[in-house]
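Structure, as structure tokens:
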Amino acid sequence: MITIKDLRKTYDGFEALKGVSFSIREGEFYGLLGPNGAGKTTTISIMSSILKPDSGEVLLNGKNIYTHSDESKRIMGVVPQEIALYNELTAYENLTFWGGLYAVTPSELKARIDEVLKLFGLYERRNDKVTAYSGGMKRRINIAAALLHRPRILFMDEPTVGIDPQSRNLIFEVIEKLHNEGMTIVYTTHYMEEAERFCDRIGIIDNGQIIAEGTLDELKKNSHARETVVVNFNNLNDALLQKIHSFGSDFKQVDNMIYYYTNNLQTELSKIISQCNDAGGEIHNIEIRKVNLETVFLDLTGKQLRD
Amino acid sequence: MIKLALKDLRLFVKDKRSMLITFAIPIALITLFALAFGGAGNSGKDAKISLQLSDLDHTEASASAIQIFDSLKNVNVLKVTLEQAQEKIKNGDEACVLIIQKGFSDSLTAGKELPLELQYDEAQEMQVGLLQQSLIPTVAMLPFNIGNAKAVMRNRFDNMVKGSDDSVHTQIHKESDGLFDALAMGVMQGSGTADIGAGFFGGDIKMTKLVAAKKDNTLGLVQAVAGTAVMMLLFSVVGIGVGLLDEKQEGTLKRLLYTPMNPINILLGKMLSANVISIFQLIIMFLFAAIAFGLDIYSHLTGLIITILATAYACSAFGVVLASFAKSRQQVQGLSTLIILVMSAIGGSMMPIFFMPSFMQKMAVLSVNYWSIQGFYDVFWRNLPATGGTFLSRIFVLILIGTLLNSLAVMMFKKNILKLS
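These protein sequence lines are chains E and W, in that order.
Under my numbering, the first sequence has 19 at position 19, and the numbering climbs by one with no breaks.
Under my numbering, the second sequence has 158 at position 158, and the numbering climbs by one with no breaks.
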């Protein structure tokens with residue numbers, strides 16, 4: 001459905017995208033993950049045709065989105081990262097305004113507004129000004145405003161940032177419902193559990209490049225991520241680090257922690273602990289991490305997703 | 001605490017906008033008002049009040065009188081034909097014309113009242129008043145300087161004893177001549193010639209309103225309403241223009257770009273709303289003036305509506321263009337305060353432009369305020385017809401300003417949209 005070919009974009013000498021290519025199938029839930037500044041928002045902006053790349057192209061059903069901008073925008077919905085609503089208008093007025101910018105008849109729009117308000121549990125509060133809403137309620141209206149014209153592709157740029165668990169769960173339910181109805185969703189998030197829960201496929205972007213792509217299982221299989229023993233020291237310093245290094249273990253240091261990577265946790269765990277003690281390390285705590293998206297991401301980018 | 005203060009100072013120095021607001025605006029205003037009130041840059045010539053002079057007598061005496069008027073420090077005499085002078089007054093380009101009527105020389109010789117007439121634009125009566133203050137003593141002294149002052153004095157006394165027999169008149173003439181000689185001696189010893197002349201000879205000038213024969217409203221009211229309305233309109237349209245930057249800041253502008261709407265419609269929508277609000281604002285201000293102060297808007301409705309529409313168009317374009325140029329709300333607010341205050345000061349919103357030096361009066365044409373206020377003067381004071389060339393030329397200038405600013409706004413907005421994304 002969407003094909004992205006070799007996108008390049010430079011801002012004031014900074015290369016934000018260095019040849020990004022991937023494709024998304026119809027009805028697919030595609031997660032675009034990456035640390036801050038990796039190029040996610042630039043990619044989404046180009047895909048939603050509000051930003052022109054320096055080179056490369058985005059094809060929607062085989063048509064270039066810039067030469068068919070109007071047509072493309074009519075089947076796309078975008079949930080921006082920021083809450084882009086008019087605070088002094090009511091939820092109903094906001095939805096009427098945003099829905100009215102698409103070719104939707106007034107009666108159809110009215111019915112659709114009622115429908116999405118009910119879907120997001122805000123029908124009873126529809127006549128309240130947005131400024132009186134909680135952060136979670138604003139997030140819900142922010143998403144609702146992108147659904148009024150029944151888009152076939154929905155871009156969601158971190159739609160659950162900073163919200164309460166109740167709103168988060170409600171949004172998850174809506175997202176799952178939309179996906180089940182066949183909507184193509186492109187999703188960026190900092191929350192691994194969201195990506196693991198929803199995404200059919202995931203693209204990991206770092207430094208303006210897609211560095212890995214596939215299903216969660218494929219990513220796990222193809223990465224070097226292994227089960228990890230995270231040892232948090234009270235006294236990690238250069239001398240201790242050198243001693244640990246002399247044991248020849250496979251590890252990585254992150255702040256006061258040492259990440260030991262192993263293919264056989266059961267046999268390796270006691271060995272790791274005794275090595276730490278022998279080196280004179282004061283262990284604050286130990287955490288064992290199974291291979292998941294977080295470890296895959298760390299392995300690929302060297303960064304936590306929230307860095 | 002000191003580190004925080006130093007950090008703030010460093011940020012302040014790096015922020016050009018803050019520097020502008022803190023230093024450049026006050027300096028600009030101080031300069032402006034100093035110039036306006038004549039405290040600085042006043043070369044003397046600039047402070048002169050312009051006086052058109054039309055000589056219908058064409059005699060040596062009238063030429064001498066013109067020379068005397070021309071030598072006045074505060075008056076800049078422009079010799080013109082009566083027709084030219086009247087045309088300029090009707091168009092609002094000049095305030096008045098002093099006419100030396102036929103028979104001036106004869107009256108001077110005979111000691112009769114001088115046939116001098118000042119035709120003027122009532123809309124500029126304050127300027128005319130200032131001019132009168134300069135002219136009256138001079139006119140009073142004309143018989144002393146170029147005519148038969150002794151005869152003037154005799155005639156005045158004769159008039160007082162009108163109907164008496166010849167012996168009384170003869171006695172009066174004798175006493176009058178004696179008194180005149182004494183006065184002349186006093187004058188020669190430097191005891192305030194002007195006061196003596198003005199006190200006795202009167203220095204009368206016939207005053208004729210050439211414009212605004214029907215005086216329904218006061219000059220002050222029209223000045224206050226038009227001047228304030230235009231200045232406040234400029235402030236409020238900037239607020240509307242700033243809405244564009246708020247949209248940018250709050251993300252709604254970006255969201256609008258995600259929709260199929262043509263990006264330029266975002267700006268056009270803003271222009272439209274600015275126009276509508278401006279029109280309403282002006283209507284409400286003039287309605288208020290009508291209700292509260294009795295400004296007669298109903299008998300000038302066509303001209304008023306045309307001027308309101310043209311003013312709203314020009315002013316709203318100003319607000320939108322400013323927002324299109326700026327990068328942030330703070331930048332617009334700093335910039336707009338400076339520009340609006342300067343435009344309002346030179347354009348006549350804060351005080352009538354004839355109070356200003358002539359070079360500033362020439363600069364006034366650069367401001368929207370000037371054209372709008374002149375348009376309102378045309379409607380309410382000069383009673384010019386809505387189809388007249390003078391009135392329409394002001395409307396044309398306002399429309400031209402609006403169109404140019406709107407075109408500029410479109411160009412700048414396109415450039416900024418790309419940066420927004």
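The C-beta atom is built at its ideal place from N, Cα and C for all residues, glycine as well.
Between which two residues does the alpha helix (DSSP H) holding residue i run?
i: K177 of chain E; result: 165-180
i: D70 of chain E; result: 69-75
i: L131 of chain W; result: 125-146
i: N94 of chain E; result: 91-100
i: F288 of chain W; result: 263-293
i: C96 of chain W; result: Counting along the chain, C96 of chain W falls outside any alpha helix (DSSP H), though it belongs to the beta strand (DSSP E) covering 96-100.
i: M192 of chain E; result: 192-198
i: A212 of chain E; result: Where A212 of chain E is concerned, there is no enclosing alpha helix (DSSP H), although the beta strand (DSSP E) it sits in stretches over 209-214.
i: N155 of chain W; result: 149-160
i: K362 of chain W; result: 358-363
i: M47 of chain E; result: 40-47
Would you say residue i and residue j are within 7 angstroms of each other, going by their C-beta atoms?
i: V379 of chain W; j: L304 of chain W; result: yes
i: V174 of chain E; j: Y30 of chain E; result: no
i: T188 of chain E; j: A195 of chain E; result: no
i: Y191 of chain E; j: V229 of chain E; result: no
i: A95 of chain W; j: V139 of chain W; result: no
i: K5 of chain E; j: S21 of chain E; result: yes
i: K130 of chain W; j: I49 of chain W; result: Note that residue 130 of chain W is Leu in the sequence shown, not Lys. Yes, these two residues count as a Cβ contact at 7 angstroms.
i: L309 of chain E; j: I46 of chain E; result: No statement about residue 309 of chain E is possible, as the shown extent of chain E runs from 1 to 307 and does not include it.
i: G135 of chain E; j: I163 of chain E; result: yes
i: L56 of chain W; j: Q86 of chain W; result: no
i: L408 of chain W; j: V321 of chain W; result: yes
i: F247 of chain E; j: I258 of chain E; result: no
i: L53 of chain W; j: I66 of chain W; result: yes
i: D121 of chain W; j: I89 of chain W; result: yes
i: F376 of chain W; j: L384 of chain W; result: no
i: Q81 of chain E; j: E158 of chain E; result: yes
i: A225 of chain E; j: T160 of chain E; result: no
i: N406 of chain W; j: A317 of chain W; result: yes
i: V78 of chain E; j: F172 of chain E; result: no
i: A84 of chain E; j: T252 of chain W; result: yes
i: K9 of chain E; j: T42 of chain E; result: yes
i: I306 of chain W; j: A229 of chain W; result: no
i: V332 of chain W; j: V242 of chain W; result: yes
i: V161 of chain W; j: V168 of chain W; result: yes
Tell me, to the nearest whole angstrom, how far the beta carbon of residue i is from that of residue j; I am working on the premise that it is less than 8 angstroms.
i: V231 of chain E; j: I283 of chain E; result: 6 angstroms
i: E213 of chain E; j: G203 of chain E; result: 5 angstroms
i: G111 of chain W; j: N155 of chain W; result: 5 angstroms
i: L216 of chain E; j: A279 of chain E; result: Going by Cβ atoms, the distance from L216 of chain E to A279 of chain E rounds to 36 angstroms, so no, they are not a contact pair.
i: L60 of chain E; j: S72 of chain E; result: 5 angstroms
i: V291 of chain E; j: K220 of chain E; result: 5 angstroms
i: A226 of chain W; j: I373 of chain W; result: 5 angstroms
i: G208 of chain E; j: E26 of chain E; result: Not quite, the Cβ-Cβ distance comes to about 27 angstroms (not below 8 angstroms), so this is no contact.
i: L265 of chain E; j: E227 of chain E; result: 5 angstroms
i: R139 of chain E; j: E28 of chain E; result: Rounded, the Cβ-Cβ distance is 24 angstroms, inconsistent with contact.
The beta strand (DSSP E) spanning residue i covers which residue range?
i: V332 of chain W; result: From DSSP, V332 of chain W is part of no beta strand (DSSP E) but of the alpha helix (DSSP H) over 329-347.
i: Y370 of chain W; result: It is not in any beta strand (DSSP E) - Y370 of chain W instead sits in the alpha helix (DSSP H) that spans 368-380.
i: M257 of chain E; result: 257-262
i: T301 of chain E; result: Not the beta strand (DSSP E): T301 of chain E falls in the alpha helix (DSSP H), residues 293-301.
i: A63 of chain W; result: Looking at the DSSP string, A63 of chain W is not in any beta strand (DSSP E); the run it does join, the alpha helix (DSSP H), is 60-70.
i: G19 of chain E; result: 14-24
i: E287 of chain E; result: 283-289
Please list, in chain order, the residues of the region 233-267 of chain W that have any C-beta partner in chain E closer than 8 angstroms. Taken in chain order, the members of the region 233-267 of chain W whose beta-carbon sits within less than 8 angstroms of a beta-carbon on chain E are E250, G251, T252, K254, R255, L256, L257, Y258, T259, P260, M261.
Residues in the region 56-81 of chain E having any Cβ partner in chain W nearer than 7 angstroms: So the list reads D70, K73, R74, V78, P80, given in the order they occur along the chain.
Counting pairs of Cβ atoms below 8 angstroms between the region 255-272 of chain W and the region 86-96 of chain E, do you hit three or more? The count of Cβ pairs closer than 8 angstroms, one atom from the region 255-272 of chain W and one from the region 86-96 of chain E, stays below three, leaving the stretches out of contact.
Contacting positions in the region 175-194 of chain E - beta carbon closer than 9 angstroms to chain W: So nothing in the stretch comes that close.
Touch check for the region 367-385 of chain W and the region 301-319 of chain W: three-plus C-beta pairs under 8 angstroms? Because the criterion of three Cβ pairs below 8 angstroms is met, the region 367-385 of chain W and the region 301-319 of chain W touch.
Any chance the region 232-245 of chain W sits against the region 333-341 of chain W, with 3 or more Cβ pairs inside 8 angstroms? A contact between stretches requires three or more CB pairs, one per stretch, nearer than 8 angstroms, and the region 232-245 of chain W meets this requirement with the region 333-341 of chain W.
When Cβ atoms are compared, which residues of the region 93-111 of chain E fall closer than 7 angstroms to chain W? The residues in question are L101, Y102.
Determine which residues of the region 38-56 of chain E have a Cβ less than 7 angstroms from any Cβ of chain W, and write them out in chain order. For chain W, the residues of the region 38-56 of chain E that bring a beta carbon within less than 7 angstroms of one of its beta carbons are S45, S48, I50, L51, in chain order.
Under 8 angstroms, CB to CB, which of the residues in the region 229-250 of chain E have a partner in chain W? Under the 8 angstroms Cβ criterion, the region 229-250 of chain E contributes no residue.
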